[in-house]
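Okay, structure first, notes after.
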Ligand code: 13P
Ligand code: ZN
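Residue numbers (our numbering): 170 to 430.
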């Protein structure tokens, strides 16, 4: 478990360094059920059970590390257990309990994190980590209608550099603006993450999943790098040509890139 939490701390440091985590911006959850020992399993709850807001049947008895609401990534990078907590989903699948290490309330985006974690469990994948962050260039693009078309945005980002296509083969989905922390945001994100590597929340941020938190970070990093390249070209006074459709298709075929999750 120490290894998983240390990796969360490492990624939190990258998010801060990248300028994607102003104040308490962004949040992380990781399913740690496989690595909690009996001592943690038998810990009594630190507070009365808290409602999730909906029933998530595949999360019964699962343990998660979650960033605390209002906590800063730059603080989490140095002291992960003071700026996050370990929660256990109750047997009714509608409540959770904080079991360690301090009674730090989990992130306000818990509905999105748990909704997607429930889907990941249900579909039997190896994905364990979910990330929400505020990458500057992708969020800036989400302020213009022309970039809120998932297909168009994906094609342009893929065409910036071959690696984007190779490492984000499912592209980026788009969720229209919704209230932060809402069930609507969680449910809309779920629909998009089923088909994409990363989901862009209009005028807010992104949501990504990974087998571990480093992989979720890499997905966002790769796509945001493409957005930076696009904007850098625009700042130099021209709209970038992008790789041709033919080149994009060649990479998809040669590398046998997946087209769905
Ligand atoms: P929390 O501090 O509750 O995690 O919220 C940060 C955030 O980015 C909300 O969208
Ligand atoms: Zn946010």
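Don't be surprised by glycine CBs; every beta carbon is placed ideally from N, CA and C.
- Scanning the stretch 369-412 for uninterrupted beta strand (DSSP E) segments of 3 residues or longer gives 374-379, listed from N- to C-terminal end.
- For residue 336, the uninterrupted alpha helix (DSSP H) run begins and ends at 331-336, by DSSP.
- With a cutoff of 6 Å, residue 374 counts as near the ligand ZN, since its C-beta is closer than that to a heavy atom of the ligand.
- Cβ neighbours of residue 226 within its own chain (closer than 6 Å, five residues either side excluded): 262.
- For residue 180 and residue 277, the gap between their C-alpha atoms comes out near 19 Å.
- At a threshold of 6 Å, residue 239 counts as near the ligand 13P, since its beta carbon sits closer than that to one of the ligand's heavy atoms.
- Straight through space, the alpha carbons of residue 315 and residue 288 are spaced by roughly 30 Å.
- As DSSP reads the structure, residue 296 sits in no beta bridge.
- With respect to the C-alpha of residue 372, the residue from 366, 308, 341 and 401 having the closest C-alpha is 308.
- With a contact defined as Cβ atoms closer than 8 Å, residue 395 and residue 333 qualify at about 4 Å.
- CA-CA distance, residue 398 to residue 185, rounds to 21 Å.
- Cβ contact annotation for residue 318 (same chain, cutoff 8 Å, sequence separation greater than five): 343, in chain order.
- The beta strand (DSSP E) runs lying completely inside the stretch 225-302 and spanning 3 residues or more are 232-236, 253-258, 264-269 and 298-302, given in chain order.
- For residue 199, the closest alpha carbon among the candidates 322, 387, 297 and 422 is that of 297.
- For residue 342, the uninterrupted beta strand (DSSP E) run begins and ends at 341-344, by DSSP.
- The Cβ neighbour count for residue 234, taken over all protein chains shown within 10 Å, is at least 16; the residue is labelled buried.
- Proximity of the stretch 354-372 to the stretch 252-269 falls short of the contact definition, fewer than three beta-carbon pairs being nearer than 8 Å.
- Between the C-alpha atoms of residue 330 and residue 409 there is a straight-line separation of about 11 Å.
- If you ignore the 5 residues before and after residue 402, its C-beta comes within less than 6 Å of the C-beta of 409, all in its own chain and listed in chain order.
- The three-state reading of DSSP puts residue 220 in strand, counting E and B together.
- In the DSSP assignment, residue 199 falls within the beta strand (DSSP E) that extends over 196-200.
- The residue among 171, 189, 220 and 214 with its C-alpha nearest the C-alpha of residue 206 is 171.
- Nearest neighbour of residue 203 by Cα position, chosen from 194, 217 and 257, turns out to be 257.
- DSSP lists 341 and 377 as the beta-bridge partner residues of residue 367.
- Apart from sequence neighbours up to five positions away, the residues of its chain that approach residue 290 with a beta-carbon distance below 6 Å are 227, ordered along the chain.
- If you look at residue 178, you'll find it in the alpha helix (DSSP H) that goes 171-186.
- Take the alpha-carbon of residue 247 and the one of residue 177: they are about 10 Å apart.
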